[in-house]
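One structure is given below, encoded as C-alpha cells.
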Amino acid sequence: MKPVIVIADASPLIALARIQHLHLLREIFTDVVMTEVVQQEVLSGGNFADSVAIRAAIQEGWLQVCHSPSDNDGTHLEWLDPGERSSILLALEYQRNRHTPRLVIDEAKGRAAAQNLSLELIGSAGIIATAARLGLIPQARPLLESLRASGYYLSQTVIELALKSAGE
Numbered sequence: 552m553k554p555v556i557v558i559a560d561a562s563p564l565i566a567l568a569r570i571q572h573l574h575l576l577r578e579i580f581t582d583v584v585m586t587e588v589v590q591q592e593v594l595s596g597g598n599f600a601d602s603v604a605i606r607a608a609i610q611e612g613w614l615q616v617c618h619s620p621s622d623n624d625g626t627h628l629e630w631l632d633p634g635e636r637s638s639i640l641l642a643l644e645y646q647r648n649r650h651t652p653r654l655v656i657d658e659a660k661g662r663a664a665a666q667n668l669s670l671e672l673i674g675s676a677g678i679i680a681t682a683a684r685l686g687l688i689p690q691a692r693p694l695l696e697s698l699r700a701s702g703y704y705l706s707q708t709v710i711e712l713a714l715k716s717a718g719e
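If you read the sequence shown in our numbering, its first letter stands for residue 552, the second for the next number, and so on.
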C-alpha cells in the first residue's frame, strides 16, 4: 500500500523537476506535500525550468503546500537547513496525528536527523528506483545518469543501491 502522505524537501523536488520527472511523486504516492519554507526555497529560482515545473504542480493541485511547524517540542533541529527542519517537523506532526508519512530528503545531515527520529525516508534515487520497479519508467539508470549529468550529486554507492533496488 502506498504511503498516504509524502513530505518532500527542496532538493528532491528540484532534482526530479530538473530531469523532467517530478510527476513520479504523484504517480507513486497518494498525497505529496511540502512546507511553506520548502516552497520558498524551490520557487526562488524564478523562471528556471525546475521552478516552473514545481509551480505548475502546485497549481495543478497535486503538490500541496502546508504550514511550516515551529520547533517548540524540544526537537532542537536548528542546526539543519530551514527547509529540511520544516519538513522533518511536519513529518513529526503528522506522526503525532497517527499518520505514517514518508520523508523525501537527500541531504546527509537531514537524513541522519530524520532517521534518529524514526521517520521513514526515501531519496531522489529511491524515487527513481521505485518508479522503475513499478514499471512507471523503463529503467532507473538513464535517469540517475541524467541527475548526475545535471550536476546533482549522487554517490556511486547510492547509485548502485538504487540500481539494485530497481532490479538492474
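Beta carbons are placed, not taken as given, at the ideal position from N, Cα and C, and that holds for glycine.
The structure presented is a predicted model; accordingly, all values stated were derived computationally and were not measured.
Practice task
Taking all protein chains shown into account, decide if Arg638 is buried (16 or more other Cβ within 10 angstroms of its Cβ) or exposed.
Solution key: Counting from one through the sequence shown, the residue named residue 638 turns up at place 87. It should be noted that the sequence gives Ser, not Arg, for residue 638. Buried, by the Cβ-count rule.
Problem - Cutoff 7 Å; reference Gly702; Cβ partners in own chain excluding five residues on either side - result: Counting from 1 along the sequence shown, the entry for residue 702 is found at position 151. So no residue of the chain qualifies.
Problem - At least three beta-carbon pairs within less than 8 Å, the stretch 659-670 to the stretch 603-618 - result: no
Exercise for the section: For my contact list, Arg569 and Asp601 are in at a C-beta cut-off of 8 Å; report their separation, rounded to the angstrom. Expected result: For the purposes of this step, residue 569 is taken as residue 18 along the sequence shown, with counting starting at 1. For the purposes of this step, residue 601 is taken as residue 50 along the sequence shown, with counting starting at 1. That belief holds up - the Cβ atoms of Arg569 and Asp601 are roughly 5 Å apart, short of 8 Å.
Practice task
Find out if the Cβ-Cβ distance for the pair Ile565, Asp582 is shorter than 9 Å.
Solution key: Within the sequence shown, residue 565 is the residue found at index 14, counting from 1. Within the sequence shown, residue 582 is the residue found at index 31, counting from 1. It is not a contact, given that the beta carbons lie outside the stated cut-off.
Practice task
Leaving out five residues on either side along the sequence, give the residues of the same chain with a beta carbon under 7 Å from the beta carbon of Leu504.
Solution key: The question about residue 504 has no answer, for the chain in this structure spans 552 to 719.
Practice task
Taking 9 Å as the cut-off, decide whether the C-beta atoms of Val589 and Gly634 are in contact.
Solution key: On the sequence shown, residue 589 is found 38 positions in, with the first residue counted as 1. On the sequence shown, residue 634 is found 83 positions in, with the first residue counted as 1. Yes, they are a contact pair.
Handout entry: Cut-off 7 Å between Cβ atoms - residues of its own chain near Gly718, not counting five sequence neighbours on either side
Key = The residue given as residue 718 occupies position 167 in the sequence shown. Taken in chain order, the residues that qualify are Arg684.
Handout entry: Secondary structure of Ala691, DSSP reduced to three states
Key = Walking along the sequence shown from the start, residue 691 turns up at place 140. The answer is coil: DSSP assigns Ala691 none of H, G, I, E or B.
Practice task
Reducing DSSP to helix, strand and coil, say where Leu614 ends up.
Solution key: Here the question's residue 614 lines up with position 63 in the sequence shown. The answer is strand: DSSP assigns Leu614 an E or B state.
Exercise for the section: Look up Asp582 in the DSSP assignment and say whether it is helix, strand or coil. Expected result: The count along the sequence shown starts at 1 and reaches residue 582 at position 31. Residue state, collapsed to three classes: strand.
Practice task
Go ahead and pull the three-state DSSP assignment for Glu671.
Solution key: For the purposes of this step, residue 671 is identified with residue 120 of the sequence shown, where counting begins at 1. Strand at Glu671.
Practice task
Using only alpha-carbon positions, find the residue among Ala659, Arg636 and Ser669 that is nearest to Pro652.
Solution key: Numbered from 1 along the sequence shown, position 101 holds the residue referred to as residue 652. Here the closest residue by C-alpha is Ser669.
Problem - Which residues DSSP lists as bridging Arg653, in chain order - result: Along the sequence shown, read from residue 1 onward, the residue named residue 653 stands at position 102. Paired residues: Val557 and Glu671.
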